[in-house]
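Chains A and B, in that order, are what the protein sequence lines are.
Note that the first sequence covers residues 108 to 218 in this note's numbering.
Note that the second sequence covers residues 476 to 588 in this note's numbering.
Even for Gly, the Cβ is constructed at its ideal location relative to N, Cα and C.
The model shown is predicted, which means the values in this text are computed figures rather than measured ones.
Let me begin by presenting the structure, written as structure tokens, before commenting on it.
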Amino acid sequence: GESVGLHLPTLSVQEGDNSIINCAYSNSASDYFIWYKQESGKGPQFIIDIRSNMDKRQGQRVTVLLNKTVKHLSLQIAATQPGDSAVYFCAENRGNTPLVFGKGTRLSVIA
Amino acid sequence: EADIYQTPRYLVIGTGKKITLECSQTMGHDKMYWYQQDPGMELHLIHYSYGVNSTEKGDLSSESTVSRIRTEHFPLTLESARPSHTSQYLCASSESGTGTKAFFGQGTRLTVV
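Spelled out as structure tokens, the structure:
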């Protein structure tokens, strides 16, 4: 069936380095993708989104890349800070359907 | 910050009790959702609503029920709580249309003993 998943469950990064979190999706009809950050004890918080007619979108310290050919999505965090430590989820939205979430990657920032 | 609120934040309740988890949003969003999340795991959709008097079941089978009598309110009810219902329940809302981001509440952590 269709699914959204992540390549790695955990990622440890030195403070100040760049982080790259990956996500794979299986449905070529997916047209909208979102990255969320979830800190312990909190609900997911929106980071950045991208539509399928784009291949790159930048925000403040974050960049999302979409490769439709291989159905791959990535989140890049520049100059990773301790406050970036959290679980990151990708999610996809096909048309008017609810979001489908991947398994999540835990990012740990080493000071 | 998104204006979506869930109460209670934490709930410990005995088996067999009826409970209602509250969710309210002040953004006027037509779409609302309930997701279930075990610690460190992905979110699974259990119910959603695209407007007043409209509710649908999600991908994850659930013994809970929902209602949508007012746009801003989307409560979730368990008629008879069981230990297998122990989990975190997350409510979210989004604007109408395609490709709209969802805003989440803080969640209710439910423990059934």
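Within chain A, no C-beta atom comes nearer than 9 Å to that of B:Q500; the closest sits roughly 12 Å away. Around A:I141, the beta-carbon contacts reaching into chain B at under 7 Å are K576. Judged by beta-carbon spacing, B:G580 lies within the 7 Å limit of A:G150, meaning their Cβ atoms are closer than that value. DSSP places A:G211 in the coil class of the three-state scheme, outside both helix and strand.
Chain order gives the chain B residues near A:N200 as G574, where near means a beta carbon separation below 7 Å. Within the model, the alpha-carbon separation for B:Q511 versus B:L535 is close to 9 Å. A:N203 has a beta carbon lying within less than 7 Å of a beta carbon in chain B. Residue state for B:S559 is assigned as helix, using DSSP reduced to three classes. For the pair B:G515 and A:V207, the Cα-to-Cα distance works out to about 16 Å. Secondary structure of A:D191 (DSSP, three-state): helix. Identification of residues in the stretch 157-169 of chain A having a C-beta nearer than 7 Å to some C-beta of chain B yields R158, given in sequence order. Taking a beta-carbon distance threshold of 7 Å, A:K210 counts as an interface residue toward chain B. In the same chain as B:I494, and ignoring 5 residues on each side of it, the C-beta atoms closer than 8 Å to its own belong to L486, I488, T552, L553, A556, L585, in chain order.
No residue range can be given for B:L535, since it is assigned to no beta strand (DSSP E) and is classified by DSSP as neither H nor E. Interface with chain A (7 Å Cβ-Cβ cutoff): B:Q563 is excluded. Against chain B, the beta carbon of A:D191 has no neighbour under 9 Å; the closest one sits roughly 18 Å away. In this chain, the beta strand (DSSP E) harbouring A:I184 covers 179-184. Beta-bridge pairing by DSSP links A:T117 to A:R213.
Not a single CB atom of chain A sits nearer than 7 Å to the CB of B:F549.
One finds nothing in chain B with a Cβ atom closer than 8 Å to the Cβ of A:K175; even the nearest lies about 15 Å away.
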